[in-house]
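Here is the structure we will look at, set down as structure tokens.
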Amino acid sequence: MDELRKKAGELLEASAVKVIIGYENGSDGKTRALFAEKPEETARLVFDSRCVMNLATYVTKKEVRNKGRIGLVATLPVMRAVIQLASEHQVDDAGLLVIGITPESKMVEFKDLAEVEAFVHRYQIEIDSKQKEMLDKLEKMTPSERWDFWIRELTPCFKCYACRAACPMCYCHRCTVDFNQPQWVPVPSHELGNIEWHIMRAIHLAGRCVDCDACYNACPLAIPLNLLTKRMLLDAKEHLGGYQPSIKADHLMSTYKPDDKDNFII
Amino acid sequence: MNIEKRLVRKGSLEKLFNLLKNNGNTIMGPLERNGKTRFASVNSFRDIASGYVQTTQSSKEVAFPRAEKILDYSKNAAGMSVKGIDPAEIPQVVLWGVRPCDAMGIGELSAIFNWDYKDKIYNNRLSRVTVIGFSCEKADEYCFCTSVGGNPGSTEGSDILLTRMGGDGDFLAEIITGKGARIAALSPELFEEAGNPEKDKFLASVPVRFEREMISRKLDKIFESDEWVSQSLKCLGCGACAYVCPTCACFDIQDEAHGRSGSRVRCWDSCGFSMFTLHTSGHNPREVQSQRWRQRIMHKFSYMPDRLSVYGCTGCGRCSRACPADMNILEHLISIQEAEV
Amino acid sequence: MADFEPRIVAFVCNWCTYAGADLTGTSRIKYASNVRIVRFPCTGRIDYMLLLKAFDEGADGIIVSGCHPNDCHYTSGNFHARRRWIMFRSLCDFLGIDIRRIKFSWVSAAEGAKWADIVNSTVSSIRELGPYEEYRKIVKRPAKEVTNG
Amino acid sequence: MTDNIYMPYLMKVEKITWEAPGVRTFMLKFINEEDQARFDFKAGQFGEYSVYGSGECTFCIASSPTRKGYIECTFRQTGKVTNALAGCEEGSIIGFRGPYGNIFPIDEWKGKNLLFIAGGIALPPMRCVIWNTLDLRDNFKDITIIYGARSVKDLVYKHELDDWKMRKDVRLITTVDPGGESPDWNGEVGFVPTIVEKVSPSSENTVAIVCGPPVMIKYTFPVLAKLGFTDENIYTTLENRMKCGFGKCGRCNVGKYYVCKDGPVFTLAQLKDLPDEY
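Residue numbers (our numbering), protein chains in the order written: chain R, 3 to 268; chain W, 227 to 567; chain A, 153 to 301; chain H, 4 to 281.
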């Protein structure tokens, strides 16, 4: 942690970055985002297992970008998100410097995003065993049971869009649900509006989701909506060969293979 | 009317619940799912959540649902037929397990719906609601009702307020309104002589953290302050705070069409969304999140007191608990109080 | 269920399946009349939201059809579409949407008979499944009450 | 169903006039005669117009309250609802609820000169008050109208502009932005603020009413100040996004004001008291 604070302080001191985005202690034993603009503010940086928010969501925010080059404290999922954003031309080396935290909680320095990418590629995206268990359990249900499960889970959703706001990949200035010509998804948060919103969200994240669970952690009602993106992730793996966020590679869903396999087209 | 004090045995609570239920009331109470609590129709007394400091969602939905039909239309050969909602379809509701801050919130919500034009749809719903409040035995660091005119045992807004006397004790029932009295009259034997117990000693302690009048005065001077940007940098721009808030009343009106018929629906909206004020031309009066965060605070602590003579905050702390970015309203209010001008 | 006539919406590409369906007609092959065909320039244009909208508006079954692989008028539209179908279909299945009601097929301009077969078999299988009540329930449920009931 | 404020009056589209590209005027008549008899409004007020199935949108009533039996609205086809309105034909039925908002204080203007300055699609909110004052012509002194649009084809109410031009009791100056003139254009060429400066109307015993796009308004106010208009004698309207129209939905809240209740008509003096969120 001292190493992290020191590094962050030096970067600000040297004006290598204008703002460091990291974690600080928040309410009720939680951590929250810290935007340190002065070297002395880096003393508030903390890092431990409570730091699960995906800070990459801030690097596309206008008011944060206005500050100048960003130094981002990034765990593995955050780094993945950064690389995905880079591949979608949302961030670049001029605007962002990554201060990495390895899965072993060690600080690691990167010269540029290419190095971050190389680091990210050392790890596969793995769905944790508890979530996998839940997915399997759902898999074993009949379609009707699954439908009832989802209607029950999604009914409380009041469409605050915290899932969208917390997701680093949801950076569109105007989301499809905010368009009304045509109005694809009903605005009110009734069952139909909710299920269509969550289908749309999951599909738009297919091949892009970095499985950081930011959406689930953000949900004030703890709806397990990350199961949807996890299912997409497994499908991508199973049917389309899987994916890793990569700065230059084609995106899973904007490319194809002539021999993609399906078992349902007649 | 004078508040009448009675004793309700802990074992009688379920009887009271069943009595109300059998009397044709829909009972809305806190139900838990995935560790979060919200008010929904309760079938059995056993399903009611307990042990919560405050429910995740407020009870405002009982009078201001997140999506409610305001009219139906259908196009036919003869032209157009439009039908409003029939008040008779609105159920009689007993709101069970409401905290005093939520009960107080009903008054603030009503102030919005009743200044100038009196919103009939809202009032129709509210008039069919009886509020059974439960005092707070415990509080957490997010609670600040005492800073905004409430307290953990406040009777404001409740028809009956129940205060648990000691850990597993019986309840002191305060019968506050005519509606409350009608409930008590349903089964007088459940409401025993109470004597005069010292209610305060059973209540949670919530320290006063700021003075709301001072916040209000300060807000007049810091509209242009950088404070808004620094407070809201971490704000993600979602609507969680507004949707869990007991007093947030912003709404949208949407048409839902299916073929030649459909309905017009009033549904929740939030000033925190970038789309909220966006003009068709592309011009947006509140373009960035700091302006929208400022609007939220100004509306609750400056505009509402100015215009409606009530504040728009009950100190329930829900917005802070629900915020995915840990925007803590109490912290921000204190820093506004302390801001230099 | 005897008097149940399934409503089927078919989303087809202009160049192959639409032409194929045309051939079915000009060849005077008889097939079920339950299908409403919506013509698109290419399967690549058939947004998954359109399929959901068909269910919203009361469809009991859906057919999505276009050119065989390597036959796309725009070279690769159907390859892109196939990837999306794979993901979308699986997501629907995961949500419990009845994917037996969504049929995907390749029908070329020369396969008039195949088109008739697909429509007929879809109609008969949907007839067996009955109206899609599960989905209709969430569409029709009025928003008048407190919706968190 | 008068106690459900959300319930619109059913209106029949009696007549459609094409004003400019994408801009139409609807003449609307009440389907129900009782509604017609009860209905009353004043210049400056607005309403919510709805196409069932598409939603509601907000614009002013563009006809004068002195013309009874109908109302008119003029809109440009841009969003979801205006597009749906554009799909209406003569005879179509739409919804209208209102009138909402405050009014132009024309009673206070009696005995004064009036200067109307409008740009583009902002003439409609002013047309209401222009006709209202013209119909009560004797109450006012000089009436001057300066109206500009991007190009000749974008000028709305072309026939009425001709009428006003012919009238002896109105001074009308029309202008188009540089490059927007047609070969036979005989009006002014130049942006509205420039033309106001050129025309240089006297501020003596005069109120100015300014409606237009934000940028036009922004540059016109200083010109008026230079001409000696006080902030209390300059009126404008705010066009915030609205949903309910009666101070509940929160959308048009600017500072402690609700544009739908305290506006849409504001004096410049009031505007200066508002945070810059409109």
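The beta carbon of each residue, even a glycine, is placed where N, CA and C say it ideally should be.
None of these values were measured; they are calculated from a predicted model.
- Taking a cut-off of 8 Å on C-beta distances, the stretch 314-323 of chain W touches the stretch 251-259 of chain W, as three or more cross pairs fall below it.
- Looking at A/Y226, A/Y183, A/K205 and A/Y200, the one whose alpha-carbon comes closest to that of R/L194 is A/K205.
- Membership of W/W322 in the beta strand (DSSP E) is indicated by the continuous run V319 to V324.
- In the three-state scheme derived from DSSP, where H, G and I count as helix and E and B as strand, H/D145 is classed as coil.
- Residue pairing from DSSP places H/C63 in a beta bridge opposite H/F49.
- With distances taken between CA atoms, H/G47 lies nearest to H/T239 out of H/T239, H/K275 and H/G250.
- Interface criterion met: the Cβ of W/F477 is under 7 Å from a Cβ in chain H.
- Counting along the chain, the unbroken beta strand (DSSP E) around H/Y12 starts and ends at Y12 to A23.
- Following the DSSP letters along the chain, one finds H/Y281 in no alpha helix (DSSP H), marked with neither H nor E.
- Going by beta carbons, R/P145 and A/D250 fall inside the 7 Å limit.
- Excluding five sequence positions before and after H/I146, the CB atoms of its chain that fall closer than 6 Å to its own CB belong to L117 and V173, given in chain order.
- Of all alpha-carbon atoms in H/E36, H/V16 and H/R100, the one lying nearest the alpha-carbon of H/R27 is that of H/V16.
- For the stretch 59-75 of chain H, the beta-carbon criterion of a distance under 8 Å to any beta-carbon of chain W is satisfied by E59.
- Taking a Cβ-Cβ cut-off of 8 Å, the neighbours of A/I290 in chain R comprise I153, H192, E193, L194 and I197, given in sequence order.
- Exposure of H/R140 is indicated by the presence of fewer than 16 other C-beta atoms within 10 angstroms of its C-beta.
- Distance from the CA atom of R/D262 to the CA atom of R/L242, rounded to whole angstroms, is 7 Å.
- Per DSSP, R/H253 has no beta bridge partner at all.
- Using a CB distance cut-off of 7 Å, R/L140 does not count as an interface residue toward chain W.
- Among the residues of chain R, those whose CB is under 8 Å from the CB of A/F240 are I205, following chain order.
- For W/R490, the enclosing beta strand (DSSP E) begins and ends at S487 to W494.
- Rounded to the nearest angstrom, the gap between the Cα atoms of R/S131 and R/K232 is 12 Å.
- Around W/G543, the same chain offers Y368 and C369 as residues with beta carbons nearer than 6 Å, after the five sequence neighbours per side are excluded.
- Note that the C-beta distance between H/P278 and W/F243 is not below 7 Å.
- One alpha carbon belongs to H/T223, the other to W/L462, and they sit about 38 Å apart.
- The three-state secondary structure of R/Y163, taken from DSSP, is coil.
- Listed along chain R are Q183, each with a C-beta nearer than 8 Å to that of H/N86.
- Judged by DSSP secondary structure, H/Y103 falls within the beta strand (DSSP E) whose first and last residues are I96 to Y103.
- Linking H/N142 to H/G114 through their CA atoms gives a straight-line distance of about 6 Å.
- R/R34 is bridged by DSSP to R/E26.
- Identification of chain R residues near W/R264 by a Cβ-Cβ cut-off of 8 Å yields P158 and L223, ordered along the chain.
- Taking C-alpha positions only, H/T81 is separated from R/N68 by approximately 31 Å.
- By the Cβ-count criterion, A/T227 is exposed, with fewer than 16 other Cβ atoms from all chains shown falling within 10 Å of its own Cβ.
- Between A/F231 and A/V190, the gap from beta carbon to beta carbon reaches 7 Å or more.
- Note: A/C165 is bridge-paired with A/F192 in the DSSP secondary-structure output.
- For H/L241 and H/I149, the gap between their C-alpha atoms comes out near 19 Å.
- Under the criterion of beta carbons closer than 8 Å, W/I296 and W/I311 qualify as touching, at roughly 6 Å.
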